[in-house]
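Working notes, structure below.
2 protein chains.
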Amino acid sequence: MAVTLAQVASLAGVSQPTASRVLNGSARTPAPHVVEAVRKAADQLGYIANAQAQALVRSSSRLLGLVVHDIADSYFSTIAAGVERAAEERQLQVMLAVTGRDPLRELAAVQTFISHRADAVVMAGSQWSGKAATDVRGRLLDNLERFVDDKHGAAVIGPRVEGLSAVTPENRRGAGALANALLDAGTRDFIVLSGPPGLVTGAERTAGFTAALKRRGVTARRVPGDLSRDGGFEAAQQVFAELPSGDVAPCLFAVTDVMAIGAAAAARLAGLRIPEDVQIAGFDDIVTLRDFTPGLTTVHLPLEEMGYRAAMLATEGAGARSERAPATVVLRESTLNPGS
Amino acid sequence: MAVTLAQVASLAGVSQPTASRVLNGSARTPAPHVVEAVRKAADQLGYIANAQAQALVRSSSRLLGLVVHDIADSYFSTIAAGVERAAEERQLQVMLAVTGRDPLRELAAVQTFISHRADAVVMAGSQWSGKAATDVRGRLLDNLERFVDDKHGAAVIGPRVEGLSAVTPENRRGAGALANALLDAGTRDFIVLSGPPGLVTGAERTAGFTAALKRRGVTARRVPGDLSRDGGFEAAQQVFAELPSGDVAPCLFAVTDVMAIGAAAAARLAGLRIPEDVQIAGFDDIVTLRDFTPGLTTVHLPLEEMGYRAAMLATEGAGARSERAPATVVLRESTLNPGS
DNA sequence: TCCTCCTCGGAATGCGTATTCCGTATGCTG
DNA sequence: CAGCATACGGAATACGCATTCCGAGGAGGA
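So the protein lines, in turn, are chains W and Y. Counting from 1, one number per residue, gives the positions in the first sequence under this note's numbering. Counting from 1, one number per residue, gives the positions in the second sequence under this note's numbering.
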């Protein structure tokens with residue numbers, strides 16, 4: 001057993017409450033000689049307060065729950081870094097849950113956080129639409145609703161959710177701006193690698209992109225695929241396979257940078273040069289792109305800051321607040337037209 | 001306030017212990033109709049057990065502490081993914097702490113974990129030698145020692161530590177094998193980007209590399225630098241600046257892939273082609289390299305598996321065990337010699 | 001000098017749960 | 001039908017700590 005406050009008190013020759021007052025911030029400060037005696041005893045015994053017991057009586061655990069789909073994905077790990085920074089500032093400990101895009105695991109994660117009486121929860125991860133997901137999601141939201149009603153905080157990174165704080169990336173707007181920028185550069189032929197059907201983030205980006213195109217009289221085909229490097233790879237391969245040989249390849253807009261990277265790999269494998277034979281654009285501007293060649297055109301999202309802001313909103317306690325994360329187009333070599 | 005077991009019991013018309021027996025696995029199972037009544041009441045109220053209270057009485061928190069230097073670094077995030085997988089298997093919740101390579105924050109993180117009475121702790125992060133670090137580290141190890149004496153588990157990813165479990169990457173051996181492979185390929189001129197002075201991992205890799213070189217009569221200069229992309233960038237820039245123009249550049253061995261990526265960026269900026277004008281090799285084989293061009297020669301480490309194994313060792317309870325993580329040389333284009 | 005107010009330690013209590021211990025009711029054996 | 005074992009629900013308790021309440025002692029004012 002670890003050292004308890006009572007043991008420290010006993011060694012110091014005082015009562016347990018007195019030891020508590022000395023060691024763990026209290027409104028009352030005992031006399032100097034008592035303080036010293038307790039400090040000495042605690043030091044000698046190597047006392048470390050039991051956070052569980054403190055949480056139980058204080059009804060605050062100093063814990064922050066973070067839900068991500070895949071911590072090895074640099075999109076999420078960058079967000080996690082921002083959340084961590086905020087947590088550090090707020091003196092909170094982060095509990096991490098990885099869901100692998102499984103709504104059931106997502107639900108389980110949130111329940112675990114509630115079970116640990118986390119002070120706040122941040123959910124970074126795209127949402128699903130559709131029946132099956134909606135059912136599980138309903139239960140998840142029920143839980144979160146009760147959670148915030150109990151004076152806890154919850155924030156989502158993604159589309160707004162009724163009653164929760166949110167940091168919402170400008171998916172539609174960013175994708176639309178990208179489409180316009182590409183159109184301005186003279187590109188006319190597009191294919192959207194749109195991610196898995198039912199995924200809100202992918203759908204929004206696809207919608208924003210195609211809507212902007214349509215406004216200028218251009219249409220684009222959509223090719224679904226998993227929201228991963230391999231998903232992008234396979235989707236792109238499919239596109240290339242169907243391509244009439246000799247034709248100029250279209251510009252591929254992958255709704256995610258990791259998909260774009262996969263698409264770039266597929267292009268390389270197919271012997272297509274970027275951007276001469278095929279153009280590629282992504283979304284997110286993950287840090288990996290910094291040294292990726294050729295430079296990938298993308299839409300920048302302040303991921304670290306988004307994590308930070310979400311964690312701050314979740315821990316502010318002032319009800320549900322929403323913020324938008326600005327998306328900015330970043331044009332790089334991968335969409336360069338020969339003319340310009 | 002959240003729903004308590006007593007409330008559930010009251011609604012179900014039974015006593016609190018009975019409700020406890022129904023809802024949270026006990027040796028005794030109440031009568032079927034009682035079970036049903038309790039289940040129904042719990043469902044109706046949306047009862048979620050208070051993990052803090054359970055931890056207090058069970059003296060097991062089902063928490064696993066993970067210490068990393070930088071969660072946004074794909075080296076650590078990959079390890080974290082492995083730890084998460086193990087935690088999921090063991091039904092543990094991961095608490096994440098980020099230290100930014102600061103020994104003091106490392107100490108604070110471990111104390112927080114102990115304070116939360118984590119069942120196990122995994123420390124992924126290179127260790128420091130030197131006086132200042134040794135002092136803080138001593139206190140850290142004192143804490144961990146008491147921790148494991150209390151029937152808890154602790155594992156380190158990195159050089160072995162007395163009394164703790166460890167997953168130790170073959171730094172020396174891997175770096176030596178890389179040196180030999182490069183020598184075999186005909187390369188003779190090397191510079192080691194050795195990371196920050198005092199960092200054990202960097203030192204080991206540097207030592208393994210130079211020792212293998214020396215065995216075959218080759219010596220190499222060392223250039224220190226931060227263990228990051230920018231650190232590699234700056235170190236490489238320094239090397240290039242000192243390079244007599246027209247000379248063939250040496251092969252740069254960066255003790256970390258992220259440094260190697262930085263070095264590659266510096267090379268590109270300096271107008272040096274890889275591998276024609278300068279060769280570059282790294283260490284770790286982080287996932288980012290998969291689609292990096294040119295393909296970077298490196299030493300592969302099974303990072304995800306290392307995280308997994310460390311977490312398993314930490315939670316096995318069978319005293320301190322050690323494993324070695326195999327390092328395998330991966331030759332790619334970045335060290336191709338024109339002759340071969 | 002006496003009374004009041006304030007200070008400061010300690011005893012008691014409660015946080016939510018698991019578990020030990022008891023008492024009662026039931027089933028079974030002889 | 002008597003006697004005993006067994007099953008099952010509830011009261012009590014402990015986990016480690018913060019906090020409220022109380023009592024004793026001291027300081028200050030009248």
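The C-beta atom is built at its ideal place from N, Cα and C for all residues, glycine as well.
- request: Output yes if chain W places a C-beta closer than 8 Å to the C-beta of residue 56 of chain Y; else output no.
  value: Sequence index remark: in the second sequence, residue 56 of chain Y carries index 56 (1-based). Output row for residue 56 of chain Y: interface = yes.
query: Can you tell which of Y:308, Y:254, Y:333, Y:327 has the C-alpha that lies nearest to the C-alpha of residue 293 of chain Y?
result: Counting from one through the second sequence, the residue named residue 293 of chain Y turns up at place 293. Cα-wise, what sits closest to residue 293 of chain Y is Y:333.
query: Using CA coordinates, which residue listed in Y:38, Y:79, Y:315 is at the minimum distance from residue 12 of chain Y?
result: On the second sequence, residue 12 of chain Y is found 12 positions in, with the first residue counted as 1. Considering only Y:38, Y:79, Y:315, the residue with the shortest C-alpha distance to residue 12 of chain Y is Y:38.
query: With a CB to CB cut of under 6 Å and the five nearest residues on each side skipped, what residues in its chain are close to residue 86 of chain Y?
result: Translated into positions along the second sequence, residue 86 of chain Y becomes position 86. Excluding sequence neighbours, residue 86 of chain Y sits near 308, 311, 312.
message: For residue 171 of chain Y, count the other beta carbons within 10 Å of its own beta carbon; 16 or more makes it buried, fewer makes it exposed. Which is it?
response: As a first step, residue 171 of chain Y must be located in the second sequence, where it is residue number 171. Residue burial is scored here from C-beta neighbours: residue 171 of chain Y has at least 16 other C-beta atoms within 10 angstroms and is therefore classed as buried.
message: Let's test the definition: count the other Cβ atoms within 10 Å of the Cβ of residue 91 of chain Y and tell me whether it reaches 16, buried, or not, exposed.
response: Along the second sequence, read from residue 1 onward, the residue named residue 91 of chain Y stands at position 91. It is exposed - the Cβ of residue 91 of chain Y has fewer than 16 other Cβ atoms within 10 Å.
- request: Could you list which residues in chain Y have their beta carbon closer than 7 Å to that of residue 237 of chain W, in chain order?
  value: Position 237 of the first sequence holds residue 237 of chain W. The premise fails here: residue 237 of chain W is roughly 15 Å from chain Y at the closest Cβ pair, so nothing lies under 7 Å.
query: Quick one: does residue 46 of chain Y have its CB under 8 Å from some CB of chain W?
result: The residue given as residue 46 of chain Y occupies position 46 in the second sequence. Interface residue (Cβ-Cβ distance to chain W less than 8 Å): residue 46 of chain Y is classified as such.
- prompt: When the Cα atoms are used, what is the spatial distance from residue 142 of chain Y to residue 89 of chain Y?
  reply: Position 142 of the second sequence, counting from 1, holds the residue named residue 142 of chain Y. Position 89 of the second sequence, counting from 1, holds the residue named residue 89 of chain Y. Computed Cα separation, rounded: 29 Å.
- request: Please look up how many angstroms separate the CB atoms of residue 233 of chain W and residue 266 of chain W, rounded, as I've assumed it's under 8 Å.
  value: Residue mapping note: residue 233 of chain W aligns to position 233 of the first sequence, counting from 1. Residue mapping note: residue 266 of chain W aligns to position 266 of the first sequence, counting from 1. Rounded to whole angstroms, the Cβ separation of residue 233 of chain W and residue 266 of chain W is 5 Å, and the two are in contact under 8 Å.
field: Counterpart residues of residue 221 of chain W in DSSP-defined beta bridges
entry: Position 221 of the first sequence, counted from the first residue, corresponds to residue 221 of chain W. DSSP lists W:191 as partners of residue 221 of chain W.
message: Is there a Cβ of chain W sitting closer than 8 Å to that of residue 15 of chain Y, yes or no?
response: In the second sequence, the residue the question calls residue 15 of chain Y occupies position 15. Not an interface residue.
query: From residue 295 of chain Y to residue 112 of chain W, what distance separates their C-alpha atoms?
result: For this step, residue 295 of chain Y is matched to residue 295 along the second sequence. For this step, residue 112 of chain W is matched to residue 112 along the first sequence. Between residue 295 of chain Y and residue 112 of chain W, the C-alpha separation is close to 42 Å.
task: Look up residue 168 of chain Y in the DSSP assignment and give the residues it is bridged to.
output: Taking the second sequence and counting its residues from 1, one reaches residue 168 of chain Y at position 168. When beta bridges are read from the DSSP output, residue 168 of chain Y appears opposite Y:324.
- request: Using only alpha-carbon positions, find the residue among Y:236, Y:134, Y:186 that is nearest to residue 262 of chain Y.
  value: Sequence index remark: in the second sequence, residue 262 of chain Y carries index 262 (1-based). The alpha carbon of residue 262 of chain Y has as its nearest neighbour, out of Y:236, Y:134, Y:186, the alpha carbon of Y:236.
- prompt: Do the stretch 117–131 of chain W and the stretch 141–156 of chain W touch if we need at least three Cβ pairs shorter than 8 Å?
  reply: Judged by pairs of C-beta atoms under 8 Å, the stretch 117–131 of chain W touches the stretch 141–156 of chain W, as three or more such pairs exist.
field: Exposed unless 16 or more other CB atoms sit within 10 angstroms - verdict on residue 44 of chain Y
entry: Taking the second sequence and counting its residues from 1, one reaches residue 44 of chain Y at position 44. By the neighbour-count definition (other C-beta atoms within 10 Å, threshold 16), residue 44 of chain Y is an exposed residue.
query: How many Å lie between residue 240 of chain Y and residue 221 of chain Y at the Cα?
result: Counting from 1 along the second sequence, the entry for residue 240 of chain Y is found at position 240. Counting from 1 along the second sequence, the entry for residue 221 of chain Y is found at position 221. Their backbone Cα atoms lie some 13 Å apart in a straight line.
query: Does the separation of the CB atoms of residue 284 of chain Y and residue 301 of chain Y fall below 8 Å?
result: For the purposes of this step, residue 284 of chain Y is identified with residue 284 of the second sequence, where counting begins at 1. For the purposes of this step, residue 301 of chain Y is identified with residue 301 of the second sequence, where counting begins at 1. A contact, by the Cβ cut-off of 8 Å.
task: Per DSSP, which residues does residue 97 of chain W bridge with? Please list them.
output: In the first sequence, residue 97 of chain W corresponds to position 97, counting from 1. Looking at the DSSP output, residue 97 of chain W bridges to W:67.
- prompt: Going along chain Y in order, which residues have a C-beta closer than 8 Å to the C-beta of residue 50 of chain W?
  reply: For this step, residue 50 of chain W is matched to residue 50 along the first sequence. Chain Y residues near residue 50 of chain W: 56, 115, 117.
message: At the level of alpha carbons, what is the spacing between residue 128 of chain W and residue 105 of chain W?
response: By one-based count along the first sequence, residue 128 of chain W stands at place 128. By one-based count along the first sequence, residue 105 of chain W stands at place 105. Whole-angstrom Cα-Cα distance: 14 Å.
- prompt: According to the Cβ coordinates, are residue 200 of chain Y and residue 159 of chain Y closer than 8 Å?
  reply: Counting from one through the second sequence, the residue named residue 200 of chain Y turns up at place 200. Counting from one through the second sequence, the residue named residue 159 of chain Y turns up at place 159. Yes, the Cβ-Cβ distance between residue 200 of chain Y and residue 159 of chain Y is below 8 Å.
task: Taking 8 Å as the cut-off, decide whether the C-beta atoms of residue 136 of chain Y and residue 107 of chain Y are in contact.
output: Here residue 136 of chain Y corresponds to residue number 136 of the second sequence, with the count starting at 1. Here residue 107 of chain Y corresponds to residue number 107 of the second sequence, with the count starting at 1. In this structure, residue 107 of chain Y lies closer than 8 Å to residue 136 of chain Y by Cβ.
- prompt: Does the Cβ-Cβ distance between residue 225 of chain Y and residue 259 of chain Y come in under 8 Å?
  reply: Along the second sequence, one-based indexing puts residue 225 of chain Y at 225. Along the second sequence, one-based indexing puts residue 259 of chain Y at 259. The Cβ atoms of residue 225 of chain Y and residue 259 of chain Y sit closer than 8 Å to each other.
message: Are the CB atoms of residue 174 of chain Y and residue 330 of chain Y within a distance shorter than 8 Å?
response: Taking the first residue of the second sequence as position 1, residue 330 of chain Y is located at position 330. Taking the first residue of the second sequence as position 1, residue 174 of chain Y is located at position 174. It is not a contact, given that the beta carbons lie outside the stated cut-off.
message: Can you pull out the residues from the stretch 81–96 of chain W whose beta carbon lies closer than 7 Å to at least one beta carbon of chain Y?
response: Residues passing the 7 Å Cβ filter: 81, 84, 93, 94, 95, 96.
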